[in-house]
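The next block holds one structure in the form of structure tokens; read it before the comments.
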Amino acid sequence: MRPPMQRRDFLKIAGMAAASSRLVAQQPQSFLAPVGPADVAKTDFTLEIAPVTVELAPNRIISTIGYNGTSPGPRLRMKEGVPVTVNVVNKTDVPEFVHFHGLLIPSDVDGSEEEGSPAVPPHGSRRYQFTPTPAGTRWYHTHTMSMDDLHRGSYTGMFGFLIVEGANNPGRYDQEHYLALRDWEPYFSNQAMDNDDLDPAGAQPEKPAVLDTRQPGLEVQADIFSINDKALGAGEPIRVKPGERVLFHFLNASGIENRHLALPGHKFNVIALDGNPVPTPAAVDVLMLGPGERIDAWVEMNQPGVWILGAPEDPVREGGLGIAIEYANQHRTPQWMPAPKSSWDYTLFGNPPGSSKPPSQPAPAERLDMVFEKVPRGAGKFNSFTVNGKSYPHDQEFLLKQGARYRLTFHNRTDDAHPMHLHRHQFEIAEIYGKTTSGVIKDTVVVPTYGRASVDFTADQPGLTLFHCHIQQHMDYGFKALLRYS
Ligand SMILES: [Cu+2]
């Protein structure tokens, strides 16, 4: 570890007036700048990886790595089925990978070292060419390992929305906003805050009879948060009028923690999960997004006032995870009210149980089971993780027959809820929280603490396929597996 005084990244300069005024001059444009040419679907893109500064608030300036001088990076808007070229220019001293999350594309352009995608060399460039599919809210981000370096991988500012335009019709809306949730200046802690208590405390079928009481390792934590590039209170509010319907595209771009969101007095009408329209749109008080997940939801603006759309947990919201929603002609400090007690439940959005709608596919005959376990301090100061008792890469464990449909069952024997991501494929949630469902198509699912979940997918994307926890530290210390086509 480098001594703190030599850290170039995540430079906290609160109170250093002279330095901050110099850095303010370099601040990147707001992510929600007026819609311009960048918002038109294109076929050629350039992403330049280089140091950036992010002014979260006037006294909170972060120095990190970003794309095209900003963090989040530019919103990439592509058309489904129309081939694109993404030129990635790496102006840093280390190899980089750009992963296109949620797209069904070949291994060599997926942007994962494990799958054999070539790196973008230091001070070099690489061209990714692929045909974007399916339509929906996707995103792109670095896919390097961080290990014990909190200035690499998903701790940096290298992330952005990627929109694949298709025929999906989100319905009528008056405004549209893309909001990415982030944390900054992470550090190691043995007091990691647990924000998972808003989730179903019900079925814990994988809870061991005797719990592991060994001292756990250091985990990554953060106290500074933002939505896009602004901490709560520092950016422009979202200005609305009574009766407007506002469509939000949320992304949890954190590499650390599952997050919740609420807007006092309003409900979120969830229409898509991970960019895929859900069979049963439903209104909820609180959203939950694991790292990597997206939610598209519209809100009917029918409670005039000035409100905070933000994290229900006070330290997280007060640390910056929020944005003001300001109704016309309302002038006051943004208000927060505790959200009604609520459990996030993916099955709410599935085909209704007992409905005449059949599951979208019959239950697959092919089964793969994965048991997730945590080894306290299995990696020195840090915990390590195993899948089926073994560490990565599971050479012969997970062999896929092309064209077959699989049921993948996750047994989470750890005391954490993990956002599990399958590259280059989408899966349908079949069972979670002890309930069965169908029709919810995702690429990332949060498997509850000591919980079990089953997902079905068709092996129709030949090539190495990475499967991993989207919490950076967990992935780096073993929480991943490589699926191979036989
Ligand atoms: Cu995890």
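Sequential numbering of the sequence shown, starting at 2, is according to our numbering. The beta-carbon is built from N, C-alpha and C at its ideal position, and this holds for glycine as well.
Between which two residues does the alpha helix (DSSP H) harbouring residue i extend?
i	result
R318	315-319
D109	108-111
M476	473-477
Using a 10 Å radius around the Cβ and a threshold of 16 neighbouring Cβ atoms, would you call residue i buried or exposed?
i	result
A405	exposed
Y347	buried
M289	buried
K443	buried
P75	buried
M2	The predicted position of M2 is uncertain, since its pLDDT is 36 and thus under 50; a value taken from the coordinates is nonetheless stated next. Counting Cβ neighbours within 10 Å, M2 comes out exposed, since fewer than 16 surround it.
A26	Low confidence applies here, because A26 scores a pLDDT of 33, under 50, leaving its location unreliable and the question unanswered by this model.
E115	buried
D45	exposed
A329	exposed
D275	buried
Q462	buried
With C-beta atoms as the reference, is residue i less than 8 Å away from residue j?
i	j	result
P544	E81	Only positions 2 to 487 of the chain appear in this structure, which leaves residue 544 out of reach.
R414	E220	no
V99	V85	no
G320	I225	yes
L182	S255	yes
F434	A204	As written in the sequence, residue 434 is Tyr, which differs from the Phe given in the question. Closer than 8 Å, so yes.
E294	P420	yes
Q304	G244	no
L252	L310	no
K481	H471	no
L423	T466	yes
Q331	V307	yes
G488	T410	Residue numbering for the chain in the displayed model covers 2 to 487; residue 488 lies beyond these limits and cannot be assessed.
L400	S487	yes
E97	Y68	no
Which stretch, first to last residue, makes up the beta strand (DSSP E) that contains residue i?
i	result
M421	419-423
M79	77-80
R127	126-131
L310	307-311
R295	295-301
Q222	220-222
L182	176-185
M289	287-290
A52	According to the sequence shown, residue 52 is Pro rather than Ala. That run of the beta strand (DSSP E) goes 45-58.
G137	137-143
S190	188-190
E327	323-328
G67	61-68
T445	445-448
H102	99-102
A273	269-274
A431	428-433
A263	260-263
N169	Where N169 is concerned, there is no enclosing beta strand (DSSP E), given that its DSSP letter is neither H nor E.
L252	246-253
Report all residues from its chain with a CB closer than 7 Å to the CB of residue i; omit the five preceding and five following residues, and keep chain order.
i	result
N384	P217, G218, K375, V376, P377, R378, Y478
G125	N91
K382	G218, L219
S190	L219, E220, Q222
V41	R78
Quick one: is residue i near chain B, going by C-beta distance under 8 Å?
i	result
Y478	This model lacks chain B altogether; it includes just one protein chain.
In the DSSP assignment, what residue or residues form a beta bridge with residue i?
i	result
T410	D370, S455
F383	A380
T466	L484
Q336	W308
Using C-beta distances below 8 Å, list every residue in its chain close to residue i, excluding the 5 sequence neighbours before and after it, in chain order.
i	result
V95	P123, T145, R153
A364	R408, A431, D457
Can you find the residues in the same chain that come closer than 6 Å, C-beta to C-beta, to residue i, ignoring five residues on each side of it along the sequence?
i	result
V36	Its pLDDT being 42, under 50, V36 is placed unreliably by the model, and the measurement read from it follows with that caveat. Closer than 6 Å at Cβ, skipping near neighbours: no residue.
Y179	F162, H250
S227	L57, R183, G321
Q176	V247
T138	H250, G276, R295, D297
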